[in-house]
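Q: After the C-alpha cells below, expect a handful of questions from me.
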Amino acid sequence: MAQERTDSPEITTSTKIPFWYDPTKRAIIYQVVVLGMVGMVAYYLFTNTLANLERQNIATGFGFFAKEASFEIGESPISYSAADTYARALLVGVLNTIKVSFIGIILTVILGTFVGIVRLSRNWLVAKLAAIYIEVMQDIPVLLQLVFWYAVFYESFPSPRQALSPISGVYFSNRGMVFAVPELQPVYAYMALTFVAGCLAVWALRRWAKKRQEKTGQIFPVFYVSIAILLALPLATWLLGGAPLQMNVPELVGFNFEGGLTFSPEFAALLLGLVLYTAAFVAEIVRAGIQAISRGQVEAAMSLGLKPGQVLRLVILPQALRVIIPPLTSQMLNLTKNSTLAIAIGFPDFVSVANTTINQTGQAIEGVGLIMVVYLFFSLSTSAFMNWYNKKVALVER
Amino acid sequence: MRFFRVCAVVVAVVFIATASVAIAGETLDAVKKRGYLIAGVNGGVFGFSMPDEKGVWKGLDVDTARAVAAAVFGDADKVKYVPLTAVQRLPALQAKEIDVLCRNTTQTLTRETANGLNFAHVNYYDGQGFLVPKKLGVKSAKELQGATICVLPGTTTELNVADFFRANNMRWRPVVIEQTTELSKAFFGGRCDVLTSDLSQLAAHRAVAPNPTDYALLPEIISKEPLAPVVRHGDDQWYDIVNWTVMALLQAEELGINSNNVDSMLKSENPRVQRFLGVIPGMGKALGLDDKWAYNIVKQVGNYGQIFETNVGVNTALGIPRGLNEQWYKGGLMFAAPFR
Numbered sequence: 262m263a264q265e266r267t268d269s270p271e272i273t274t275s276t277k278i279p280f281w282y283d284p285t286k287r288a289i290i291y292q293v294v295v296l297g298m299v300g301m302v303a304y305y306l307f308t309n310t311l312a313n314l315e316r317q318n319i320a321t322g323f324g325f326f327a328k329e330a331s332f333e334i335g336e337s338p339i340s341y342s343a344a345d346t347y348a349r350a351l352l353v354g355v356l357n358t359i360k361v362s363f364i365g366i367i368l369t370v371i372l373g374t375f376v377g378i379v380r381l382s383r384n385w386l387v388a389k390l391a392a393i394y395i396e397v398m399q400d401i402p403v404l405l406q407l408v409f410w411y412a413v414f415y416e417s418f419p420s421p422r423q424a425l426s427p428i429s430g431v432y433f434s435n436r437g438m439v440f441a442v443p444e445l446q447p448v449y450a451y452m453a454l455t456f457v458a459g460c461l462a463v464w465a466l467r468r469w470a471k472k473r474q475e476k477t478g479q480i481f482p483v484f485y486v487s488i489a490i491l492l493a494l495p496l497a498t499w500l501l502g503g504a505p506l507q508m509n510v511p512e513l514v515g516f517n518f519e520g521g522l523t524f525s526p527e528f529a530a531l532l533l534g535l536v537l538y539t540a541a542f543v544a545e546i547v548r549a550g551i552q553a554i555s556r557g558q559v560e561a562a563m564s565l566g567l568k569p570g571q572v573l574r575l576v577i578l579p580q581a582l583r584v585i586i587p588p589l590t591s592q593m594l595n596l597t598k599n600s601t602l603a604i605a606i607g608f609p610d611f612v613s614v615a616n617t618t619i620n621q622t623g624q625a626i627e628g629v630g631l632i633m634v635v636y637l638f639f640s641l642s643t644s645a646f647m648n649w650y651n652k653k654v655a656l657v658e659r
Numbered sequence: 082m083r084f085f086r087v088c089a090v091v092v093a094v095v096f097i098a099t100a101s102v103a104i105a106g107e108t109l110d111a112v113k114k115r116g117y118l119i120a121g122v123n124g125g126v127f128g129f130s131m132p133d134e135k136g137v138w139k140g141l142d143v144d145t146a147r148a149v150a151a152a153v154f155g156d157a158d159k160v161k162y163v164p165l166t167a168v169q170r171l172p173a174l175q176a177k178e179i180d181v182l183c184r185n186t187t188q189t190l191t192r193e194t195a196n197g198l199n200f201a202h203v204n205y206y207d208g209q210g211f212l213v214p215k216k217l218g219v220k221s222a223k224e225l226q227g228a229t230i231c232v233l234p235g236t237t238t239e240l241n242v243a244d245f246f247r248a249n250n251m252r253w254r255p256v257v258i259e260q261t262t263e264l265s266k267a268f269f270g271g272r273c274d275v276l277t278s279d280l281s282q283l284a285a286h287r288a289v290a291p292n293p294t295d296y297a298l299l300p301e302i303i304s305k306e307p308l309a310p311v312v313r314h315g316d317d318q319w320y321d322i323v324n325w326t327v328m329a330l331l332q333a334e335e336l337g338i339n340s341n342n343v344d345s346m347l348k349s350e351n352p353r354v355q356r357f358l359g360v361i362p363g364m365g366k367a368l369g370l371d372d373k374w375a376y377n378i379v380k381q382v383g384n385y386g387q388i389f390e391t392n393v394g395v396n397t398a399l400g401i402p403r404g405l406n407e408q409w410y411k412g413g414l415m416f417a418a419p420f421r
C-alpha cells in the first residue's frame, strides 16, 4: 500500500532523496521489520512454552527415548515387547505406517487405474458399475468406511475356534486371516539375491533389445523372456538348495492361532477402507488423463498398424501419465495421511503409538513435534520420488 | 506513512496478546470470570460420566465436578463437560483446556511429577480386573496364555496388563482403541477374548452389554487404582478447592448431613457441623470461597454416600458394594482430614 511509484520527472536525481522516500530501500526495511517481528514472536512462544513447562514441572527433552516403554503393541514387523524402549516402540509405529501406506499405495494405483479405464469402457453395464463405485466411495467419509469395514470383520467372522478354512492352511476368523507360510530357510536369501540378479539381467536385455530394434527393426519378445528370467533364476536356486518344502502351518492353541502369517482385522479394515476410498479418486484422475489425449492420436497410431495394446502402451499412456502423475502424487500423500485414522479402529500406526507415548510420558510437545516431522518426511519423500518420475515422463520439448 | 501506523498497531496488538497469555490469572479467577467450570470427563462410562437419554450428564465423576461448581458458584449446574479419551485427557489439562479432570484417572508418581499434575483426594478406590465371556470357560487370569485383550491406550491399565503377563511369562495380543464405546463394542462383538480395565468400568460396560449375564469377572485384581480428580501443578489455591470439595463430600457423610436434612442441620448445636456448614464462618474464606460452600455442595449434590448409591451402588444397574469406598469408621478407606 505504501509502494507509490515516484516517477515524476523532477526526482530523477536519486542522490538527494532520503532513504525513506526510496521505494527499494523502504521495501528492504519493511522486510527486515517483518522478519524481526516474526522472529520475536517465535522467540517469545519458544521461551514462554519452556517457562510454562518448567512452572508446571513437566519434563522436557527426548530423554524418554531410552526408557522402557512398558506397553504392548498389537502387531509389529520387527520383534517388540513391553520391555523395549520408547524409541523402538515409535519405530514399530513408523514401520506399521510405512507398511500400510506402501501396500495401500500400490493397490490403490492398480485398482484406480483399472476402474478408471473401465469407466471409459464401451460396455454400458461395466462403465456404469465403475461410475457407481466412484460416486459412492468418493461421497462417504473415509472414517465411516473404516469403522464399517472393521465392524464387518469382527461381527461377521466366527471366533477362532470355529474359524472358516476354505483351503487347508488358511483360516478366517475375527482374529484375522491366518495362513501358512514357508518355514524360513537360508536358501530363500539366495533366491532373493538371484532375483535381484535377474532384474539386472532383464534391464540389460531391454537395452540390448531396444538397440537391436533401432538397428535392424527386428522385435525381440522382451516381455516373455523377462518373465522367464525372473522366474527361472530363483526357481533354479531353490532346486539347487534341495527344494525345502517345510511350511509354518498355523495351529489353534488355546485362544488363538500360533504360527503362520496373520493379517489382523485392524490392518485389513484400514487397508481396505483406504484403498477403496482413494482408488475412486485415482480412477477419476486416470480417466481425465486418458480423455486428455485427442482421439486423433489413437487413430493415427492405429493407421500406422499398431495393435491396441501397443497403442495404449506406446501412445496413450506416455502422454496420459504427464497429466495423471501430479494429481496422483497428492492422492498418494492423502492415503498416507489418512492412514492416521487407524487410531479409530485400533491399528497401531505411528500416531497411535506416539499418542500412547505422549500420554505415558506426559511430553506432548515433543510427541506432536515428532509426529509432524515423521509425516513431513513421508510426504516429502513421496513427493520427491514422484517429482523425479514426473520429470522422467514429462514431454521432452524439442 | 499509513504503513508505519499499521505496523505500530500490529506490534502493540502482538505485545498485548502475548503479555495477556503470560500473566493469565489463577484458575479460580479464570473460572469465576468465565462464569462456569470446564470439567474433563470420560463420557462413555455408565455410572461415572455419561449423558442419560435426556442428555443430562450423570455419574460419580460428574457429581464430583458438580460439587466443585457448587463450591465455587453456589450453583452445581454451572459446569461444561468435555468428553475426553484416555489419550487426550492429560494434555487437555496441561494445555488449560479444562479446569479440572474428573475422569476416573489413576494417581501415579509419574503423573504427579513428570506430567506436571496434582491429584486431589481419591473419589473412588478401584483395582484392575478382567471381563471374559462365560462360554470361554476361563476360571483364572493365569489361564489367559495367548489371549487377545481389548484395552484402552494411554492408561495405567495398559501398563499393568503388560506387567502382569510379563511377570507370569505369558504371551498376549492387545487391541487398543481410543474411544471407550468403540472398544467395548469390539469386545462384545467378539474381537477380543478379554476386556481389561478398572473393575468399576468393567461393571459399567457389562451393565450396558447386550447380554450382561453372559460375561463374568475373573477373580484376579492385578493393581491398585486410586481414581481422583486432577488439576495442574502450580496453582495451589485451585488444588485446595478441588481437594477439599471431595473431602467435604466425605465429611458430610461422616457428620450425617445429606441433601435432605442439610437445612435442619444448620440449627445443629454441634460445633463441627456449624464450622462445616459455615454457621461458624472461616472455612470457606480460607479457601477463597463463600462460607456457604460446603452447604451448597451438600444441598445441591449430596454427600459421598448419596452420590455413590445413586450412581454406582448396589441398587443401580452396576450393583457395586461400597467395599474400599466405605467410610473409615466402617472399615473402608474414605477418610476426610479434619475441617478446622
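Protein chains in written order, with the numbering used here: chain G, 262 to 659; chain F, 82 to 421. For glycine and all other residues, C-beta sits at the position ideal for the given N, C-alpha and C.
If you count every other CB in all the chains shown that lies within 10 Å of the CB of F/F416, and 16 or more means buried, which is it?
A: exposed
Q: Listing by chain order, which chain F residues have their CB less than 8 angstroms from the CB of G/E416?
A: G270, G271
Q: Kindly indicate the opening and closing residues of the alpha helix (DSSP H) around F/G210.
A: Per DSSP, F/G210 belongs to no alpha helix (DSSP H); it is in the beta strand (DSSP E), 209-214.
Q: Can you tell me the Cα-Cα spacing of G/G521 and G/L425, whole angstroms?
A: 16 angstroms
Q: Alpha carbon to alpha carbon, what distance is there between F/V112 and F/A105?
A: Legend: pLDDT at F/A105 = 37, less than 50; position of this residue unreliable, value from coordinates given subsequently. Approximately 12 angstroms, taken between the alpha carbons.
Q: Quick one, which of F/L198, F/H286, F/Y205 has its alpha-carbon nearest F/A297's?
A: F/H286
Q: Check the Cβ-Cβ distances between G/M402 and every residue of chain F, and say whether any is below 8 angstroms.
A: Correcting the residue type first, residue 402 of chain G is Pro in the shown sequence and not Met. By the rule that beta-carbons nearer than 8 angstroms mark a contact, G/P402 does not touch chain F.
Q: At 7 angstroms on the CB atoms, spell out the chain B contacts of G/A625, in chain order.
A: You won't find chain B in this structure, because its protein chains are G and F.
Q: Among the residues of its own chain, which have a CB less than 8 angstroms from the CB of G/L356, if the five just before and after it don't count?
A: S337, P338, I339
Q: Mind checking F/K216: buried by the 16 CB within 10 Å criterion, or exposed?
A: The Cβ neighbour count for F/K216, taken over all protein chains shown within 10 Å, is under 16; the residue is labelled exposed.
Q: Given that F/D274 touches chain G, what residues does it touch there, using C-beta distances under 7 angstroms?
A: Under the 7 angstroms cutoff, chain G gives F516.
Q: Nearest CA to the CA of F/L182: which residue from F/A267, F/K161, F/E134?
A: F/K161
Q: Along chain F, in chain order, which residues have C-beta atoms closer than 8 angstroms to that of G/T617?
A: What G/T617 touches in chain F: V168, P234, G235, E239, V257.
Q: Indicate the three-state DSSP secondary structure (helix, strand or coil) for G/L522 in the structure shown.
A: strand
Q: What are the start and end residues of the alpha helix (DSSP H) that includes G/S362?
A: Residue range 347-380 is occupied by the alpha helix (DSSP H) that includes G/S362.
Q: Residues in the same chain with beta-carbon distance under 7 angstroms from F/Y117, minus the five sequence neighbours each way, listed in chain order, please.
A: Close CB contacts of F/Y117 within its chain, under the 7 angstroms cut and outside five residues either way in sequence, are with K159, V160, K161 (chain order).
Q: Excluding five sequence neighbours on each side, which residues of the same chain lie with their C-beta closer than 8 angstroms to the C-beta of F/N351?
A: L336
Q: Which chain G residues sit within Cβ distance under 7 angstroms of F/T42?
A: In the structure displayed, chain F extends from 82 to 421; residue 42 of chain F sits before or after that span and is not available.
Q: Looking only at its chain, what residues have a beta carbon closer than 8 angstroms to the beta carbon of F/E107, apart from the 5 residues adjacent to it on each side?
A: D316, Q318, W319
Q: Is G/V295 near the ligand FMN, with its Cβ less than 7 angstroms from a heavy atom?
A: Judged by which ligands are present, the structure shown has none, so any question about the ligand FMN falls away.
Q: From this set, F/R252, F/A248, F/N292, which residue's C-alpha is nearest F/F268's C-alpha?
A: F/N292
Q: Below 8 angstroms, how does it come out for the stretch 303-315 of chain F and the stretch 228-242 of chain F: are there three or more Cβ pairs, yes or no?
A: yes
Q: If the cut is a Cβ gap below 7 angstroms, which residues of chain G does F/Q226 touch?
A: In chain order: G515.
Q: When you compare only the Cα positions, how much space is there between G/I632 and F/G125?
A: 28 angstroms
Q: Does any C-beta atom of chain G lie closer than 8 angstroms to the C-beta of F/I104?
A: Low local confidence applies: a pLDDT of 34 at F/I104 is under 50, so the model's placement there is unreliable, with the coordinate-based value given in what follows. For F/I104, the answer is no, since every Cβ of chain G falls outside 8 angstroms of its Cβ.
Q: Taking DSSP as the reference, what is the three-state secondary structure of G/P427?
A: coil
Q: Given that G/A343 touches chain F, what residues does it touch there, using C-beta distances under 7 angstroms?
A: Residues of chain F whose Cβ lies closer than 7 angstroms to the Cβ of G/A343 are, in chain order, A243, R247.
Q: Mark G/T285 as exposed unless 16 or more other C-beta atoms lie within 10 angstroms of its C-beta, in which case mark it buried.
A: Classification for G/T285: exposed.
Q: Taking its Cβ as the centre, do 16 or more other Cβ atoms sit within 10 Å of G/S417, making it buried, or is it exposed?
A: So G/S417 counts as exposed.
Q: By DSSP, does F/N199 sit in helix, in strand, or in coil?
A: strand
Q: Which value, in whole angstroms, describes the spacing of the CA atoms of G/I278 and G/I626?
A: 51 angstroms
Q: Using the three-state DSSP reduction, which class does F/A103 fall into: helix, strand or coil?
A: Residue placement at F/A103 cannot be trusted, given a pLDDT of 34 that sits under 50; what the coordinates show is reported in the next sentence. F/A103: helix per DSSP, three-state reduction.
Q: What residues in its chain sit with their C-beta under 6 angstroms from that of G/S640, if we drop five residues either side in the sequence?
A: For G/S640, same chain residues with a beta-carbon under 6 angstroms away, outside a window of 5 residues either side, are L594 in chain order.
Q: Where do the ends of the beta strand (DSSP E) carrying F/L308 lie?
A: 306-308
Q: Counting Cβ pairs closer than 8 angstroms, one from the stretch 605-614 of chain G and one from the stretch 363-377 of chain G, do we hit at least three?
A: no
Q: Starting from the beta carbon of G/F332, find every residue of chain F whose beta carbon is closer than 7 angstroms, and list them in chain order.
A: E239, L240, A243
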